Every structure is written in C-alpha cells, then in structure tokens.
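The block underneath contains the structure these notes are about, expressed in structure tokens.
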Amino acid sequence: MPEKIDSEELRERLAVINKKLKEPSKKVAKELQKLQEEHLPKLEKYEKDLEILGDRNSYSKTDHDATFMRMKEDHMKNGQLKPAYNPQISTENQFITHATIHQTPGDTTTLKSHLDSFEKAYNKQSKEIVADAGYGSEENYEMLEKKGVDAYVKYNYFHMEQKKKTKNNPFLAQNLFYNAGQDFYVCPMGQRMENVGQGKRISSNGHLSQVTYYQAKNCEGCPLRAQCHKATGNRRIEVNHRLNFLKQQAREKLMNEKGLEHRSKRPIEAEAAFGQLKSNNKFNRFTLTGLEKVELEFLLMAIGHNLRKMVAKSMQSGLKSSLGYKPYNSRPVLYVPRENSNQRPLITTLEFQNQKIAA
1 MPEKIDSEEL
11 RERLAVINKK
21 LKEPSKKVAK
31 ELQKLQEEHL
41 PKLEKYEKDL
51 EILGDRNSYS
61 KTDHDATFMR
71 MKEDHMKNGQ
81 LKPAYNPQIS
91 TENQFITHAT
101 IHQTPGDTTT
111 LKSHLDSFEK
121 AYNKQSKEIV
131 ADAGYGSEEN
141 YEMLEKKGVD
151 AYVKYNYFHM
161 EQKKKTKNNP
171 FLAQNLFYNA
181 GQDFYVCPMG
191 QRMENVGQGK
201 RISSNGHLSQ
211 VTYYQAKNCE
221 GCPLRAQCHK
231 ATGNRRIEVN
241 HRLNFLKQQA
251 REKLMNEKGL
261 EHRSKRPIEA
271 EAAFGQLKSN
281 NKFNRFTLTG
291 LEKVELEFLL
301 MAIGHNLRKM
311 VAKSMQSGLK
321 SSLGYKPYNS
331 RPVLYVPREN
341 SNQRPLITTL
351 EFQNQKIAA
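The following block contains the structure:
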C-alpha cells in the first residue's frame, strides 16, 4: 500500500532530493519538476478541501458552509441536487420558540444539537416533544429518555406498518415470531432461525448500535422460497433489539389518546409557521451566504413571524373577548417539524416540510 504523506512532508522531501541531486538526469529532473509544479499544488488543494468539508461529504465553491442536498422533484419530475442549509424550528401555539441552522441533509442528526441549543437559550427543556419520522432513531430515543422528556416521535415506516398490507405480510422480518426466552425466530414455514452472531453499527454522529443476526438452516426446496427472500443461500435477517424496544415504547405513546391528539395537532402547529414564512410572507430565498449570516437572516424572519402572530392573536382575542369568548389554554408543547433549506449565494429558494430550500 502506498505511503501517505501530506503536502508539508512532500515539500521537505523534494527539498532534500534537490539538495542531494546537484545534476540530475533529464528524466529525474522532469519528474521532480512535475512533483513540484503539479502534484504538490494539487495535494495542497485537496488538503484545503478536506479541511472545509469537515464531517460533510460536499460543499459549495461559492458558499463553503453550504452542503449539497437532494431536493424534491420539480414540476418536470427532475430531482435537484443543490447547495443547501437545513433549518430546524421549535414552535408552541404556532409561535417559533427556537430556530437553528444545520449543514447536514438528514434530520435525524439535528435533533440533539437543536435541543441542546434550546436548553442553553432557555436554561430548561420542554416537558413534551412532538416530531415526525425524520427524527426517530435509537440515538434520539435514548437521548430524549436521558433528558427526561415525554417524547412523541415517530420512526420510519410508522405509518406503513399500520396498513393491512404490511400487517398481513408474514414474510416481513418484523412479523416473524420471536422466542425471546430461547432467542430464535421462526420463518413462515415453521423453521427456526437461530442466532448466528452479532455486529455493530456506527451512526454519522458516532452512536454505536448492537445488532444480532439470525439465519435459517435450510431454505433449499422450500415452497415459499420465492416469496420469502431473493438472496442466495438461506435467509438471514438483522435485528436491533434495543431499537425494537424503543420503537415499541414510541408506538404505544403515539397510539394512545394523548399521542393521537399530538399527532393531529403537529401538522397545523409546526407546519403553519413554515406556511406563513414561505407562502404568505413570500420568503422564498436567502439573500445572505455563510452559516452565521444565514442563521441571522432566518432568526430575523422568525422574529417577524412571531410579531405578526402576536398582533393577529391580540386582535382576535380582543374581538372574541367582546363576544364573551374564553381562549383555550393548551399545555406547552415543543414541536419540532422536519424542514430543509437550500442555499445559493445571493439567492436561495425556500421550501418547507420534507422539502429543501433551493440554492
């Protein structure tokens, strides 16, 4: 395997070689010149690129803080990949209580930093948190549990598993019978799938998860083989028991009366703020570049939204009070909606809720 060296070390080695070789041959001199004038500058550029990237996988040449993110399809059904930022907001009674800007396209990795920022700003944490499936992960469930937060957070496929098609499919891994006492699964044909080992999974945030592998002993000649799985050999499944336990807890909360109430309110609670910013206030583009400036611009828009909301609430309250109406005081709940925002220098298209703000 070739030895890895940085630009500084390459420069030092070239200096040593040039000093020792007073009159190198034409071939050697040509190679040294190529290293000095072509490879060294490229290596320096790559090192600078990696420094700008940090933990990301891309950045914009015109805005180094922006990350390329996959946009939703346009009217021509074309997927867009553009430099972007990922804003996250918390709301209560449709007022924006906190807002942060992130450089990662996925929402799963943003929840912890958003809540830490919220706690730092208010010196306390919300008692209840409602969020959609983009935030449901083993890492986030454990984090919310440690914080003592009553969380109503969906996970991927939460709605899918409620459908009859999913519930009645005996070949799905989550529908296989599991014997917890003896630690084995049973396939649709009644064959035991034994524990054959364990593995580890590390998230982009560095969270370590433990998974267990189960495998059937003999799938050859099984009449259900074609429906059960398409891989070669015997069927093998991967199970994260800790995540399954946390998902079961989340499912019970989301399906009870209080969970149903929160789930019904989240679209009109959190998404209303985005709808006001995007549609009614025509905030479709960022005018600033750079993480700090974009965050400042977004916070100013959030303040403007809250001021307009406060005036509207005051006027509405005054009108209804004159009619003898008593406003309903709901329990304070922190709503965290999923939202992505793409950024381009000087102009950035803003779209919310499962969409990205185009750059």
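Going left to right, the sequence shown walks through residues 1 to 359 as UniProt numbering numbers them. Where a beta carbon is used, it is the ideal one built from N, C-alpha and C, also for glycine. Computed from a predicted structure; not experimentally measured.
Collapsing the DSSP output to three states places residue 278 in a helix. Per DSSP, residue 40 lies in no beta strand (DSSP E); the unbroken alpha helix (DSSP H) holding it starts and ends at 40–53.
Approximately 5 Å separates the beta-carbon atoms of residue 43 and residue 7; this is inside 8 Å, confirming the contact.
Of the candidates 284, 148, 157, 109, 109 places its Cα closest to the Cα of residue 135. Ranked by Cα distance from residue 234, the options 226, 241, 240 are led by 226. According to the DSSP assignment, residue 237 belongs to the beta strand (DSSP E) that extends over 236–239. Under the Cβ criterion (8 Å, minimum of three pairs), the stretch 298–310 counts as touching the stretch 273–284. In the DSSP assignment, residue 225 falls within the unbroken alpha helix (DSSP H) covering 225–228. Judged by their CB atoms, residue 217 and residue 249 are not nearer to each other than the 9 Å cut-off. Just so you know, the alpha carbons of residue 95 and residue 315 end up roughly 16 Å apart.
When the Cα atoms are used, residue 139 and residue 150 turn out to be separated by approximately 16 Å. Distance between residue 20 and residue 29, taken at the CA atoms: about 13 Å.
Assigned with DSSP and collapsed to three states, residue 125 falls in coil, not helix or strand. Going by DSSP, residue 133 is part of no beta strand (DSSP E) at all; its letter is neither H nor E. Note that the stretch 191–208 does not touch the stretch 159–168; fewer than 3 beta-carbon pairs, one per stretch, sit closer than 8 Å.
Looking at 99, 169, 37, the one whose alpha-carbon comes closest to that of residue 14 is 37. Exclusion of the five residues before and after residue 222 leaves 189 as the residues of its chain whose Cβ lies within less than 6 Å of its Cβ. Rounded to whole angstroms, the gap between the alpha carbons of residue 56 and residue 111 is 17 Å. Taken through DSSP and simplified to helix, strand or coil, residue 157 comes out as coil. Sixteen is the threshold: when 16 or more other Cβ atoms of the shown chains lie within 10 Å of the Cβ of residue 63, as they do, the residue is buried.
Taking C-beta atoms as the reference points, residue 114 and residue 100 count as a pair closer than 9 Å.
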